[in-house]
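Notes for the one structure printed next.
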Amino acid sequence: MKFLGNVALLASLVSAASMGKRASPLDIQIEQVGNSGLKATITNTGAEDLKVLKTGTILDSAPVEKVQVFQGSNKVDFQGIRLRLASTGFGEEAFQTIPAGQAVEVSFDAAELHDLATSGAYDFVANGVLSYAAADSTDIAGSVPYSSNTVTATVDGAEAAKARTAFMNKRTAVQSDCTGSKGTATRNAVSNCRTLAAAASSAALSNSAKVNEYFKSTSVGSQVASVFAKVVSECGSTTSGVSRTYCSDVYGACSSNVLAYTLPSGSYIVNCPLYFSALPAVSGTCHAQDQATTTIHETTHLTQIKGTQDLGYGYAAATSLTSSRALNNADSYALFANAIRVGC
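In terms of our numbering, the sequence shown is numbered consecutively and its last residue is 348.
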């Protein structure tokens with residue numbers, strides 16, 4: 005990991021099983037606007053106002069994954085950022101209230117975060133979950149699933165490429181500012197990442213019960229070990245590797261509760277201010293967040309390591325995933341590494 009200078013949170017939210025039992029009050033309709041632009045209309049069809057978390061969702065202004073894009077049967081890679089959030093301490097600005105029976109609209113350009121340079125027909129769909137809090141609180145109380153209509157649109161590849169280039173040119177110039185206490189903390193986190201990942205890689209080959217707990221199969225230990233071995237290599241140096249780590253907010257995404265984020269397509273990781281102020285270097289508590297496992301979480305997002313997604317945040321949600329989804333979930337690796345170190 006070249007030292008220059010994830011949402012693992014919500015998990016405490018709700019398990020996939022409990023989400024499946026709840027009827028969603030959200031209706032989301034998307035439509036094409038212009039060449040590659042999309043507008044999403046999010047309607048609260050329930051009888052009560054819904055105060056939903058914006059950070060890391062379709063409501064976020066940051067370059068997070070808002071829609072999935074397909075060309076034929078092939079999924080077009082998402083090339084934006086993956087966040088990791090702190091699980092508590094949200095501010096009011098992190099939420100948006102959708103009154104009962106009313107709708108909010110958000111617009112974005114899919115070409116900014118997906119390579120649509122090949123002209124032709126694309127399918128766009130939005131699905132996921134929105135976490136919510138009570139009207140007088142900022143504590144996550146649960147989450148509701150949503151799934152939109154599918155829009156099939158013909159895209160002019162040349163125009164889409166221009167949109168992506170214009171977006172990339174808006175980025176803040178990268179500054180190598182991991183100095184002082186931030187530099188020390190980041191170097192220590194990389195070192196601890198290597199130590200925890202090495203132990204996790206070994207355990208994945210010998211502790212089938214623990215592999216089954218976090219990855220829902222006793223036969224995937226070698227796959228888990230292989231991912232951790234790549235993490236060990238990446239965290240083995242602060243001067244070389246496939247990625248760069250920054251302490252400056254390259255993408256302007258260090259909003260409330262964002263600990264760190266990764267741009268897999270650009271092979272860089274950003275540690276946000278909260279990473280340094282809210283996390284211990286290494287935690288001795290089961291399923292807790294710390295700098296070392298946050299670095300592991302973000303490192304697995306890198307395309308060259310595993311290219312994981314955020315499919316289940318925290319222990320409850322992560323251990324409710326199927327085996328194939330757990331193997332592609334960043335927090336499953338962070339939680340496993342924590343469990344091996346602490347002895348959960």
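Just so it is clear, CB atoms sit at the ideal spot from N, CA and C, and this is done for glycine as well.
Just so it is clear, the structure is predicted and the values come from calculations on it, not from any experiment.
Taking Y218 as reference, the option from S123, N78, A334 and L42 with the minimal CA-CA separation is A334. Counting along the chain, no beta strand (DSSP E) covers V215; the unbroken alpha helix (DSSP H) around it starts and ends at S212 to F219. Secondary-structure assignment with DSSP links V274 through a beta bridge to Y250 and Y265.
In this structure, A44 is the residue among V231, A44, V286 and V346 with its C-alpha nearest to the C-alpha of N153.
According to the DSSP assignment, D335 belongs to the alpha helix (DSSP H) that extends over A334 to V346. Q313 has N333 as its beta-bridge partners, per DSSP. In the structure shown, the three-state DSSP call for H301 is helix. Annotation: Q75 is outside any alpha helix (DSSP H); the continuous beta strand (DSSP E) that includes it extends over Q72 to Q75. Annotation: the continuous alpha helix (DSSP H) that includes A233 extends over G225 to E238. Per DSSP, the unbroken beta strand (DSSP E) holding A137 starts and ends at N131 to A137. Under the DSSP assignment, Y255 falls outside any beta strand (DSSP E); it carries neither an H nor an E label. When secondary structure is reduced to three states using DSSP, A90 falls in the coil class, being assigned neither helix nor strand. Closest by C-alpha distance to L263, out of T222, S271 and Q293, is Q293. Apart from sequence neighbours up to five positions away, the residues of its chain that approach N131 with a beta-carbon distance below 6 angstroms are S151, ordered along the chain. The C-beta separation of G93 from P67 comes to about 23 angstroms, leaving the pair out of contact by the 8 angstroms criterion. A residue is called buried once 16 or more other Cβ atoms fall within 10 Å of its Cβ, and E96, having fewer, is exposed. The criterion of a C-beta distance shorter than 8 angstroms is not satisfied by N342 and H305. Positions of the beta strand (DSSP E) runs, each at least 3 residues long and wholly inside the segment 19 to 66, are given as 30 to 37, 41 to 48 and 54 to 57 in order along the chain.
Beta-bridge annotation (DSSP): A157 is paired with Y126. Residue pairing from DSSP places K79 in a beta bridge opposite F74. Between T47 and A139, the C-beta spacing is not below 8 angstroms.
Among the bridge pairs identified by DSSP, H118 is matched with F82.
For G318, the uninterrupted alpha helix (DSSP H) run begins and ends at G318 to A322, by DSSP. Taken through DSSP and simplified to helix, strand or coil, E163 comes out as helix. Close CB contacts of D113 within its chain, under the 7 angstroms cut and outside five residues either way in sequence, are with S40, G41 and A167 (chain order). The beta carbon of S226 lies closer than 8 angstroms to those of A208 and L209 in the same chain, with the five residues before and after it left out. Using a C-beta cut-off of 8 angstroms, the segment 252 to 263 makes no contact with the segment 226 to 242, since fewer than three inter-stretch Cβ pairs fall below that distance.
Put simply, of T303, V80 and G187 the residue whose alpha carbon is nearest the alpha carbon of D119 is V80. Of the residues assessed, N78 falls on the exposed side of the cut-off, its CB having fewer than 16 other CB atoms within 10 angstroms.
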